[in-house]
Structure formats: C-alpha cells, structure tokens
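Working notes, structure below.
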Amino acid sequence: MTITPLREALTSQARFTLWLLMAAAGLVLLTTCANVANLVLTRNMQRDREFAVRWAMGANRWAMRRILLAETGVLALVGAAFGVALAWLELDLLVGFAGRFTARASEIRLDGGVLLFTVLVAVAAAVVFAFTPGLHFRESAGATLTRSGSRTTGSRQRLQRGLIVAQVAASVTVLTAAGLLARTLLKLNAVELGVRMENTLTFEVPADHEGQSAAEIVALQHEIQRRIEALPGVQAVGVGLSVPLRRNFVMLEIMAEGRPPEPGVPIPMAEYRTATPEFFDAAGVRLLRGRAFDDTDQTDTAPVAILNEALAKRLFGDEDPLGRYVSWTGEVLPAIGMTERWKTVVGVVSNTRDDGPGAEPPLVMYQPLTQNDLGYFPGAFVIRANGAHALAPRVQQIANELAPDQPVLRVATLEQIREETVAAERLNTFLVGALGMLALVIASVGLAGAMSFFISQRTAEIGIRMSLGAAPARVLGMVLGDGALLLAMGTALGLLGSLVVARLLDGMLFGVAPSDPWTLALVTLVMIAVGLIATGVPALRAARVDPLIAIRKET
Numbered sequence: 005m006t007i008t009p010l011r012e013a014l015t016s017q018a019r020f021t022l023w024l025l026m027a028a029a030g031l032v033l034l035t036t037c038a039n040v041a042n043l044v045l046t047r048n049m050q051r052d053r054e055f056a057v058r059w060a061m062g063a064n065r066w067a068m069r070r071i072l073l074a075e076t077g078v079l080a081l082v083g084a085a086f087g088v089a090l091a092w093l094e095l096d097l098l099v100g101f102a103g104r105f106t107a108r109a110s111e112i113r114l115d116g117g118v119l120l121f122t123v124l125v126a127v128a129a130a131v132v133f134a135f136t137p138g139l140h141f142r143e144s145a146g147a148t149l150t151r152s153g154s155r156t157t158g159s160r161q162r163l164q165r166g167l168i169v170a171q172v173a174a175s176v177t178v179l180t181a182a183g184l185l186a187r188t189l190l191k192l193n194a195v196e197l198g199v200r201m202e203n204t205l206t207f208e209v210p211a212d213h214e215g216q217s218a219a220e221i222v223a224l225q226h227e228i229q230r231r232i233e234a235l236p237g238v239q240a241v242g243v244g245l246s247v248p249l250r251r252n253f254v255m256l257e258i259m260a261e262g263r264p265p266e267p268g269v270p271i272p273m274a275e276y277r278t279a280t281p282e283f284f285d286a287a288g289v290r291l292l293r294g295r296a297f298d299d300t301d302q303t304d305t306a307p308v309a310i311l312n313e314a315l316a317k318r319l320f321g322d323e324d325p326l327g328r329y330v331s332w333t334g335e336v337l338p339a340i341g342m343t344e345r346w347k348t349v350v351g352v353v354s355n356t357r358d359d360g361p362g363a364e365p366p367l368v369m370y371q372p373l374t375q376n377d378l379g380y381f382p383g384a385f386v387i388r389a390n391g392a393h394a395l396a397p398r399v400q401q402i403a404n405e406l407a408p409d410q411p412v413l414r415v416a417t418l419e420q421i422r423e424e425t426v427a428a429e430r431l432n433t434f435l436v437g438a439l440g441m442l443a444l445v446i447a448s449v450g451l452a453g454a455m456s457f458f459i460s461q462r463t464a465e466i467g468i469r470m471s472l473g474a475a476p477a478r479v480l481g482m483v484l485g486d487g488a489l490l491l492a493m494g495t496a497l498g499l500l501g502s503l504v505v506a507r508l509l510d511g512m513l514f515g516v517a518p519s520d521p522w523t524l525a526l527v528t529l530v531m532i533a534v535g536l537i538a539t540g541v542p543a544l545r546a547a548r549v550d551p552l553i554a555i556r557k558e559t
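Residue numbers (the numbering used here): 5 to 559.
What follows is the structure in structure tokens.
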C-alpha cells in the first residue's frame with residue numbers, strides 16, 4: 005500500500021507542467037535580458053566621451069555605475085509594472101489553465117510573494133544591465149577622447165556577439181520544446197480511442213439510491229431510454245455505469261476459473277461496468293467475439309459477462325475466453341455488498357482508451373444492467389443520432405420530466421469528451437509555443453539591431469572597400485556572413501540545450517523521440533530563415549552606402 009500526502013496528490017499532476025512553463029518563461033526572460041543588455045551596451049558605447057569627461061573631472065567608477073543603475077532600474081521596474089498589470093488581466097485564464105492539472109488552482113493569486121519576486125527579478129536585471137559595461141571605465145580618458153567615436157573595442161564586440169548567440173540559443177531551445185509538444189499533440193489526435201466519435205451524445209442521470217429500489221431505478225432508466233429512442237434521428241440508445249472515455253474507477257480483483265494466481269504475481273484488477281444490450285452499438289464499441297447482452301439476461305438467469313480485449317488477453321492469453329468462467333474476488337467484496345459469483349463469458353469487445361490516447365486501455369468487465377452486482381446505477385446514457393448535439397435540450401427535457409428530482413449531468417458529445425482528453429497537451433503546446441515565438445521575435449529584433457550597430461561602426465571600412473572597387477553584392481555577403489556566423493553558433497548551442505530539455509520532456513511526449521530529427525530540422529530552418537531576414541535588412545542598407553558620404557562622415 006502506498007500512502008500519499010493530500011498536498012502531494014493535489015499537486016503531483018501539475019508540478020512538472022508548471023515547472024516546464026517556468027523554465028520556458030525563464031528562457032524568454034533571459035532572452036529579453038540579453039536583448040536589453042545589448043541595447044544598453046550599445047547606448048553606453050555611444051556615451052564613451054561623456055563617461056570619459058566624467059572620469060577626467062574626478063568621478064569614480066562607482067559614481068558612473070550609479071548613473072547606469074538608476075537608468076536601468078527605471079527601465080526594469082517600468083517593465084515589471086507592465087508585466088504585473090498584464091498578469092492581473094490574465095489571472096482568470098491562468099487559473100482556468102491550472103485547474104486542468106490541480107484542484108488547488110483557486111489558490112493562485114497575485115499576492116505579496118509574487119510581487120516581491122517580480123521586484124527582485126527586476127532589480128537583478130537592472131544590476132546586470134548596469135554592470136555589463138563596467139569594463140569601459142578602465143580605459144583612460146585621454147584615449148577615449150582622442151579615439152574616433154565610431155570604433156568599438158574587441159571586448160565590447162565579443163560581449164555583444166555573445167549576447168546575440170545567447171538569445172538565439174534560448175529561442176531555439178524553447179522552440180524545440182514547443183515543436184516536440186506539437187508533434188505529440190498531432191500523434192495523440194491520430195490515435196483511435198475505440199469508440200465512434202461522430203454523432204454520439206452522452207449524459208448522466210444519477211439514480212436516487214435511497215428513495216428507489218434497484219428494480220425501480222432500472223425501470224426509470226429504461227423509460228428514459230425508450231422515450232429518447234422515439235425521437236427523430238435517434239439510431240441507438242444505451243445505458244451503462246459510465247460513458248465511454250470517462251472512467252468510474254470501480255476497480256476490483258478478478259479471477260478466472262482454472263487459473264489460480266501465480267506465486268508472486270499480483271491478482272489482476274479490472275474495472276466494473278454495466279451495460280444494456282444497446283450500449284455497445286450506441287457507443288461504437290466493436291464486438292470481436294461471441295454475442296452482446298440481450299433481453300434474456302435477467303436477474304433470474306445465469307450471470308454472464310463481456311470482457312474487453314485487454315482483460316481477455318490478461319486472463320486467458322491466446323485461449324478462447326468464450327464459455328469460460330470469471331468472478332470478482334478480494335477482501336473488499338463483503339464491504340460493498342458483493343460475493344464471489346461465477347459468470348459465463350459470452351463476448352469480447354474492443355478496447356477503449358478511457359484514460360486518453362496516451363494511456364494504455366484499462367482492463368474492463370461488463371455485466372448486464374439487470375445483473376448489477378454492485379447495486380449502483382449512475383445512469384450514464386449514450387445516444388447515437390443524426391445531429392446528436394442538437395438533441396441535447398430535448399434529451400434534458402425528457403430526463404427532467406421523468407426524474408424531476410435528479411440532475412442531468414455532463415451533457416457532451418464524444419467529440420467534446422475527446423477534446424477534453426487532450427486539453428492539457430493542447431494548452432501546454434499553445435503556451436510553450438507562444439513563449440517560443442516571443443523568444444524568436446525578441447532574438448530576431450536583437451539580431452537586427454546588433455547588426456545595424458555593427459554596420460554603423462564599420463561605415464568607414466565599408467566606404468573604403470566600395471571606393472576601392474568592392475561590389476555591393478560583396479558587401480552584402482560580408483554582412484550576411486557575420487550574421488550567419490552568429491546565427492549558426494547560437495543555433496548549435498540551442499540544439500545542444502534542446503537535447504537536454506527534450507530528455508526532461510520525455511514523460512510528456514507520445515510517439516515522438518526526444519531527439520526527433522523532424523522537429524530539430526524544422527526549428528533550425530525556422531531560425532535560419534528568421535535570422536537571415538533579420539540580418540538581411542541591415543545588410544541591404546550597408547550595400548547601398550555611398551562611399552564618399554561614408555568616408556566623409558567618419559573623418
């Protein structure tokens with residue numbers, strides 16, 4: 005027996021997903037910080053003369069850093085304020101998202117801890133921005149004042165290029181995670197769940213177990229079924245313990261006659277379900293062997309059962325299960341009013357993936373609704389009809405007329421239920437994809453801005469090259485080559501980081517390898533295309549430089 009703390013049970017499903025989103029958001033934050041740091045560095049390079057004059061007039065290094073810290077602090081805090089405002093506007097969306105993973109979603113709010121964390125992140129970013137260009141102050145004032153204002157030291161250029169590479173790498177990592185999740189979603193949507201999705205409506209009318217006997221409950225459910233069958237367009241109506249793709253989690257130990265449990269092997273547990281004769285046809289569950297239930301299966305006749313394919317395989321292997329005997333067993337039976345009672349297997353039906361397309365089908369044994377050993381009648385109805393969704397109001401009206409004291413619950417088509425089974429994966433893909441696209445935009449803007457600055461620093465060089473006969477195409481190739489080198493380095497580092505992140509995502513993937521070559525190739529192509537566009541704009545501008553104007557400007 006495994007004992008799990010309540011807090012752990014409520015948050016275990018959400019923990020990894022929320023950590024994933026935190027990591028993706030962290031990479032976007034780092035991309036943004038690298039971009040802003042590059043912009044701050046570029047701006048401060050253009051203020052070298054100002055800093056040199058301050059230095060010459062006696063200002064120390066800390067005094068000038070205070071100026072930068074004040075400027076970047078305002079920038080970071082204003083950005084944090086906008087971020088908090090945006091988070092407040094989207095709080096309901098976040099609570100709804102988290103509610104798909106944990107019952108504690110209602111506790112999510114913008115409290116003091118969140119605001120303090122935001123302020124600390126903003127302050128940390130401001131400090132990084134302010135101290136990034138700190139090396140500039142070591143240079144003598146005379147050298148700075150006599151040097152041409154358009155030149156950049158090697159250490160500064162290396163720092164700027166390193167920041168661009170970091171932005172590209174972070175973008176590639178987040179985009180790869182989004183790509184793997186998107187491929188997983190496509191694979192999940194392609195899985196057959198074992199039921200007919202089209203034109204199938206489901207709902208539940210819980211029985212009044214205290215005010216009605218079992219016979220009265222069965223009669224009421226039969227009357228609801230009969231009234232719905234009379235509606236135009238209805239082809240089949242079935243009643244069971246649960247609707248397809250929604251489990252009831254009544255799990256009991258099961259045994260087969262002539263097959264005693266093997267030493268050291270746990271007794272298999274199967275899900276207990278009941279069904280009317282029309283249930284399988286209405287739900288589109290295929291009969292593989294034997295027969296379905298019929299009207300001869302009553303309380304006073306020999307008990308029968310239908311196994312799903314997974315349970316038949318588990319109990320009987322490759323042997324024919326028809327005509328064999330099975331029974332529920334275990335110490336829990338007396339506590340729920342059941343006894344061991346042999347039932348004849350009369351049929352085998354196809355598996356249904358009730359835990360979703362990414363999970364293995366559960367072991368299931370069906371009994372006729374009229375031979376319900378458990379005495380529990382949730383009243384789960386399945387309707388196959390043309391335009392099933394449009395029948396919902398009429399179906400609810402019939403149920404309310406016949407059972408006015410009982411609520412009509414969870415009215416939904418099987419297509420809607422299927423959408424629910426992959427809702428978490430879809431939200432993960434959307435959010436990580438949105439963060440990845442944001443990181444891509446930030447990185448591309450940063451790359452374009454940095455390349456424009458590099459070109460402005462080399463205006464005289466470009467002018468001289470063109471005056472000596474260099475064709476515009478050669479200048480264009482030179483600039484594109486510089487950008488492509490940074491892009492290639494960042495993409496390579498990002499792909500290495502993606503392999504690490506993909507290993508962590510392994511538990512969330514389905515039908516996709518962590519090192520899926522199609523995803524890696526697509527992300528690489530997207531990054532190269534966007535990067536070349538971002539580099540191409542300043543490169544074209546450089547190719548159109550007038551040599552005389554460029555040389556005159558720098559002299």
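Even glycine gets a Cβ: it sits at the ideal position worked out from N, Cα and C. These figures come from a predicted structure and were not determined experimentally.
With a 10 Å radius around the Cβ and a threshold of 16 neighbouring Cβ atoms, residue 298 comes out exposed.
It is roughly 47 Å from the alpha-carbon of residue 248 to the alpha-carbon of residue 120. Counting only residues of its own chain and dropping the five nearest sequence neighbours on each side, residue 414 has a CB closer than 6 Å to the CB of 208. Between residue 403 and residue 238, the alpha-carbon positions lie close to 16 Å from each other. Around the beta-carbon of residue 537, fewer than 16 other beta-carbon atoms lie within 10 Å, marking it exposed.
Listed as beta-bridge partners of residue 331 by DSSP are 259.
Taking C-beta atoms as the reference points, residue 350 and residue 289 fail to come closer than 8 Å. In the DSSP assignment, residue 369 falls within the beta strand (DSSP E) that extends over 368-372. By the beta-carbon neighbour count (other beta carbons within 10 angstroms, threshold 16), residue 164 is buried. Note that the C-beta distance between residue 251 and residue 359 is below 8 Å. In terms of Cα proximity to residue 446, the closest of 70, 41 and 135 is 41.
Cβ-Cβ distances below 8 Å link residue 345 to 307, 331, 332 and 377 in the same chain, with the five nearest sequence neighbours on each side left out; the list follows chain order. For residue 417, the secondary structure class from DSSP, reduced to helix, strand or coil, is strand. Residue state for residue 205 is assigned as strand, using DSSP reduced to three classes. 8 Å or more divides the Cβ of residue 366 from the Cβ of residue 429.
In its chain, beyond the 5 residues on either side, 306, 307, 308, 309, 327, 328 and 329 have a beta carbon closer than 8 Å to the beta carbon of residue 348. Beta-carbon to beta-carbon, residue 278 and residue 244 are separated by about 6 Å, close enough to satisfy the 8 Å threshold. One thing to note: residue 379 has its Cβ no nearer than 8 Å to the Cβ of residue 256. Taking the Cα of residue 226 as reference, the smallest distance to any Cα among 262, 183, 502 and 374 is reached at 374. Pairwise C-beta distances place the segment 518-529 out of contact with the segment 188-197, as fewer than three of them are shorter than 8 Å. Between residue 439 and residue 60, the C-beta spacing is not below 8 Å.
Beyond the five residues adjoining it in sequence on each side, residue 258 comes within less than 8 Å, by CB distance, of 271, 272, 273, 274, 315, 319, 330, 331, 332, 333, 367 and 369 in the same chain, given in chain order.
In the DSSP annotation of this structure, residue 534 is not part of any beta strand (DSSP E); the continuous alpha helix (DSSP H) holding it starts and ends at 521-547.
Contiguous beta strand (DSSP E) elements confined to the segment 399-480 occur at 413-417, taking only those with 3 or more residues.
Bridge partners of residue 312 according to DSSP: 353.
The alpha-carbon of residue 283 is positioned some 7 Å away from that of residue 241. Closest by C-alpha distance to residue 384, out of 94, 419, 210 and 325, is 210. In the pairwise beta carbon analysis, the segment 168-180 is classified as touching the segment 502-516: at least three pairs are separated by under 8 Å. One thing to note: residue 451 has its Cβ within 8 Å of the Cβ of residue 535.
Between the alpha carbons of residue 353 and residue 435 lies a gap of roughly 39 Å. In this chain, the alpha helix (DSSP H) harbouring residue 220 covers 218-233. In terms of CA proximity to residue 31, 174 leads the group 174, 221, 492 and 295. Inclusion of residue 134 and residue 43 in the CB contact set at 8 Å is not warranted, their separation being larger than that value. The residue among 411, 124, 97 and 77 with its C-alpha nearest the C-alpha of residue 112 is 97.
Annotation: residue 385 is outside any alpha helix (DSSP H); the continuous beta strand (DSSP E) that includes it extends over 384-389. With a cutoff of 8 Å on beta-carbon distance, residue 168 and residue 490 are scored as near each other.
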